[in-house]
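*Asks:* The structure is given below, and queries will be raised subsequently.
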Amino acid sequence: MNVVILAAGYATRLYPLTLTQPKPLLPVAGKPMINYVLDNLETIEGLDHAYVVTNEKFTGHFERWADQYHSSHPKLAITVVNDHSTDDSNKLGAIGDLHYVLEQEKLDDDLIVVAGDNLFSRDLREFGQYCRAVNSPVLAVYDVRDLELVKRYSAVNVDGHSRITRFEEKPQQPASTLIGIALYFYPKVCLPLIRQYVRDGNNPDQPGRLIQWFYQRVPVHAWTVPGLWFDIGSKETLEEANQIFARR
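In terms of our numbering, the sequence shown is residues 1402 to 1649.
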């Protein structure tokens, strides 16, 4: 099983912190964000290769980080993939980056996709177990317990078998406090559908759009993230994560 870590954004909302450092390498409680992502993913049985897709500006940063991380985690191979974008004007978008890695690295195995700025307080071993059990696309969901907060994310409705029945980006009138987060599983058999999505000219940005397209074609299951989850999108959430993870 492979994992693609999406890390090609420019994080302009965090300027000046991200002018010379990519967001996933910003420290949280003394450790780069991406370390938390990989540390929690590494507990998944059968995960053996991580592909970090980034841009021209920050490729060197991630290559230096990868050498350091791999030295203490030798069982996990890490490949840094440069999408050759240089700024927001020519970026590929999250789905475009995923497709680029699929084609560039010729991936042909079960695939986990995660944003490099997602922080989890617990390991993701059970996510891997669930994905293998259902053997269909899986979206990780999180209960924010606040309908107003859902309007900033994507609202998800599920049936009694945890299958997604509705997915809506930034809804005006959400009916559920479950949100989809940037952690996905795509079994090998579904990789051609990702290629079809891009080939058909669909929006290559915002990875949730791919799930929105998928669930209307094949069964997509939802898995609820245990513990705490942080989407580091602002200086405020970065500071909050620093405080909480420092205590842990």
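From the three backbone atoms N, C-alpha and C, an ideal C-beta is built for every residue, glycine too.
1) Excluding the 5 residues flanking residue 1599 on each side, which residues of the same chain have their C-beta closer than 6 Å to its C-beta?
2) Would you give the residue range spanned by the alpha helix (DSSP H) that residue 1440 belongs to?
3) Under the three-state reduction of DSSP, which class applies to residue 1501: helix, strand or coil?
4) Taking Cβ positions, are residue 1407 and residue 1503 nearer each other than 8 Å?
5) Taking residue 1459 as the reference, which of 1474, 1481, 1445 has the closest Cα?
6) Taking C-alpha atoms, which residue in 1647, 1642, 1633, 1646 lies nearest to residue 1414?
7) Check for me: the beta strand (DSSP E) holding residue 1555 runs from which residue to which?
8) Looking at the structure shown, is residue 1461 part of a helix, part of a strand, or coil, going by DSSP?
9) Please go through the same chain and pick out, in chain order, the residues whose beta-carbon is closer than 6 Å to the beta-carbon of residue 1556, but skip the five residues on each side of it.
10) Enumerate in chain order the residues of its own chain whose CB-to-CB distance from residue 1614 is below 7 Å, with the five nearest sequence positions on each side excluded.
11) Determine, using beta carbons only, whether residue 1611 and residue 1595 come nearer to each other than 8 Å.
12) So residue 1569 is in the beta strand (DSSP E); what residue range does that whole segment cover?
13) In three-state DSSP terms, what is residue 1643?
14) Quick check: the Cα distance between residue 1453 and residue 1405, rounded to an integer number of angstroms?
15) What's the gap between the Cα of residue 1410 and the Cα of residue 1489?
16) Contact check, residue 1434 vs residue 1560 under 8 Å by CB: the rounded distance?
17) If you reduce the DSSP assignment to three classes, tell me which class residue 1550 lands in.
18) Where residue 1542 and residue 1629 are concerned, what is the direct C-alpha to C-alpha distance, given to the nearest angstrom?
19) Assuming residue 1493 and residue 1484 make a contact with CB atoms under 8 Å, what is their CB distance in whole Å?
20) I need the boundaries of the beta strand (DSSP E) containing residue 1598, first residue and last residue.
21) According to DSSP, is residue 1470 part of a helix, a strand, or is it coil?
*Replies:* This is what the structure gives:
1) As a working note, residue 1599 is residue 198 in the sequence shown. Result list for residue 1599: 1500, in chain order.
2) Here residue 1440 corresponds to residue number 39 of the sequence shown, with the count starting at 1. Start and end: 1434-1442.
3) Position 100 of the sequence shown, counted from the first residue, corresponds to residue 1501. Residue 1501: helix per DSSP, three-state reduction.
4) To locate residue 1407, count along the sequence shown from 1; it is residue 6. To locate residue 1503, count along the sequence shown from 1; it is residue 102. No.
5) Taking the sequence shown and counting its residues from 1, one reaches residue 1459 at position 58. Among 1474, 1481, 1445, the Cα nearest to that of residue 1459 is on 1481.
6) Translated into positions along the sequence shown, residue 1414 becomes position 13. Here the closest residue by C-alpha is 1633.
7) Position 154 of the sequence shown, counting from 1, holds the residue named residue 1555. Its beta strand (DSSP E) spans residues 1555-1559.
8) If you number the sequence shown from 1, residue 1461 lands on position 60. DSSP places residue 1461 in helix when its eight states are reduced to three.
9) The count along the sequence shown starts at 1 and reaches residue 1556 at position 155. So the qualifying residues of the chain are 1569, 1572, 1575, 1577.
10) Sequence index remark: in the sequence shown, residue 1614 carries index 213 (1-based). For residue 1614, where only same-chain residues beyond five positions count, the Cβ hits under 7 Å are 1598, 1603.
11) Taking the first residue of the sequence shown as 1, we reach residue 1611 at position 210. Taking the first residue of the sequence shown as 1, we reach residue 1595 at position 194. Yes, these two residues count as a Cβ contact at 8 Å.
12) If you number the sequence shown from 1, residue 1569 lands on position 168. Its beta strand (DSSP E) spans residues 1565-1570.
13) By one-based count along the sequence shown, residue 1643 stands at place 242. In the structure shown, residue 1643 sits in a helix (DSSP, three-state: H, G or I).
14) Here residue 1453 refers to the residue found at position 52 when the sequence shown is read from its first residue. Here residue 1405 refers to the residue found at position 4 when the sequence shown is read from its first residue. If I take the Cα positions, the gap works out to 6 Å.
15) Taking the first residue of the sequence shown as 1, we reach residue 1410 at position 9. Taking the first residue of the sequence shown as 1, we reach residue 1489 at position 88. Taking the straight line joining both Cα atoms gives about 8 Å.
16) On the sequence shown, position 33 is the one that residue 1434 refers to. On the sequence shown, position 159 is the one that residue 1560 refers to. Their Cβ separation, rounded to whole angstroms, is 34 Å, which puts residue 1434 and residue 1560 out of contact at 8 Å.
17) Numbered from 1 along the sequence shown, position 149 holds the residue referred to as residue 1550. Residue 1550 falls in the helix class under three-state DSSP.
18) Counting from 1 along the sequence shown, the entry for residue 1542 is found at position 141. Counting from 1 along the sequence shown, the entry for residue 1629 is found at position 228. The straight-line gap from Cα to Cα measures roughly 12 Å.
19) Here residue 1493 refers to the residue found at position 92 when the sequence shown is read from its first residue. Here residue 1484 refers to the residue found at position 83 when the sequence shown is read from its first residue. Correct: roughly 5 Å between the Cβ atoms.
20) Taking the first residue of the sequence shown as 1, we reach residue 1598 at position 197. Counting along the chain, residue 1598 falls outside any beta strand (DSSP E), though it belongs to the alpha helix (DSSP H) covering 1592-1600.
21) To locate residue 1470, count along the sequence shown from 1; it is residue 69. DSSP places residue 1470 in helix when its eight states are reduced to three.
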